[in-house]
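So for the sequence shown, this note's numbering puts the first residue at 3; every next one is plus one. C-beta atoms are modelled at their ideal positions from N, C-alpha and C, and glycine is treated no differently. A short write-up of the structure that comes next.
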Amino acid sequence: MVPKAQYDELLQKYEEILRQTRGEQTVSSEETGVRTEKVDLVDDLKKAGIGPALDTTVSVETSPAVSNQEYSKDTIFDEMKKFEKAKNMLAQKQFDGSLKLLREIEQSKVNTLKVHAKFYIGELLFMQGEYDLAMQLFEEILQNYAFSGVVYKALGRLIACSEKLKLGQKKDKYFSILHDFFEAESGDDMQGTVVAPAGV
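This is the structure in structure tokens:
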């Protein structure tokens, strides 16, 4: 435990450093008597005229399909062959061999191959009944790889995982996302429909 006097001294030093580094004023809180720093980043950005209302925007990763380092065509071709082999092994329920190849491809510098490898690792876990682990991978795809069409398949699998794990609220949430963003052209109600991934 730290004595009150030492705590107050450290608090003052901390606030002084914050003022110097950020150049912001501090405001005293009359209710608590504690000094708190006022940070209103959203308002500052709105005043600066940066984009539309920040609370209604969605961040989307804008990284290129291949990272900045050069990647040879032969390497990409080899990774694509490994990926096809891994998919075939998965279809034949050769889980260990498939997982090994997919883990290698998951480290690819080609984002498209990386996200597909993650999806099929999730698919492998789903097939083995590891719904919670599969769900984590599908959620990662949804959060970090919005550029990919695999998001559609991942949403379908998230609905299925939620159903298997009896997570009704999550199932409704993912169904809502699926329905709102990927609404069927015919306008039919998709309630209760689970989108199965192609190729498996």
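Taking buried to mean at least 16 other C-beta atoms within 10 Å of its own C-beta, is Y176 buried or exposed?
Taking the first residue of the sequence shown as 1, we reach residue 176 at position 174. So Y176 ends up on the buried side.
Closest by CA to F97, which one among L144, K168 and G124?
Looking up residue 97 in the sequence shown gives position 95. For the residues L144, K168 and G124, the minimum Cα distance to F97 belongs to G124.
Counting beta carbon pairs with one atom in the segment 107–118 and one in the segment 132–141, are three or more of them shorter than 8 Å?
Output reads no: the segment 107–118 does not touch the segment 132–141.
In whole angstroms, what is the alpha-carbon distance linking Q94 and Q171?
Counted from its first residue, the sequence shown places residue 94 at position 92. Counted from its first residue, the sequence shown places residue 171 at position 169. About 34 Å.
At the level of alpha carbons, what is the spacing between L135 and L127?
Counted from its first residue, the sequence shown places residue 135 at position 133. Counted from its first residue, the sequence shown places residue 127 at position 125. Those two C-alpha atoms are separated by around 7 Å.
Taking the C-alpha atoms as reference points, what is the distance between Q27 and K6?
Indexing the sequence shown from 1 puts residue 27 at position 25. Indexing the sequence shown from 1 puts residue 6 at position 4. Bear in mind that the predicted position of Q27 carries a pLDDT of just 41, short of 50, making it too unreliable to give a figure here.
Would L101 and K84 be called neighbours here (beta carbons separated by less than 9 Å)?
Translated into the one-based positions of the sequence shown, residue 101 becomes position 99. Translated into the one-based positions of the sequence shown, residue 84 becomes position 82. For L101 and K84, no; Cβs fall outside 9 Å.
Using the Cβ count rule (16 or more neighbours within 10 Å means buried), how would you classify G158?
Residue 158 sits at position 156 when you count from the first residue of the sequence shown. Buried is the call here.
Cβ pair F121, A156 closer than 9 Å:
Working through the sequence shown from its first residue, we reach residue 121 at position 119. Working through the sequence shown from its first residue, we reach residue 156 at position 154. A contact, by the Cβ cut-off of 9 Å.
K111 to Q14 span [Cα, whole Å]
As a working note, residue 111 is residue 109 in the sequence shown. As a working note, residue 14 is residue 12 in the sequence shown. C-alpha separation (whole angstroms): 47 Å.
Of the residues S74, M129, E86 and E11, the one placed nearest A163, counting alpha carbons only:
Start at 1 with the first residue of the sequence shown, and residue 163 comes out as number 161. According to the sequence shown, residue 163 is Cys rather than Ala. Of the candidates S74, M129, E86 and E11, the one whose C-alpha sits nearest the C-alpha of C163 is M129.
Residue range of the alpha helix (DSSP H) that includes S178
Here residue 178 is taken as the residue at index 176 of the sequence shown, counted from 1. Start and end: G170 to F183.
In this structure, how does DSSP classify L47 when only helix, strand and coil are distinguished?
On the sequence shown, residue 47 is found 45 positions in, with the first residue counted as 1. Note on L47: pLDDT 49, under 50, position unreliable in the model; the coordinate value appears next. Shown here, L47 sits in a helix according to DSSP, grouped into three states.
Give me the Cα-Cα distance between I161 and Q22, rounded to the nearest whole angstrom.
Within the sequence shown, the letter at position 159 stands for residue 161. Within the sequence shown, the letter at position 20 stands for residue 22. Q22 has its alpha-carbon roughly 50 Å from the corresponding atom of I161.
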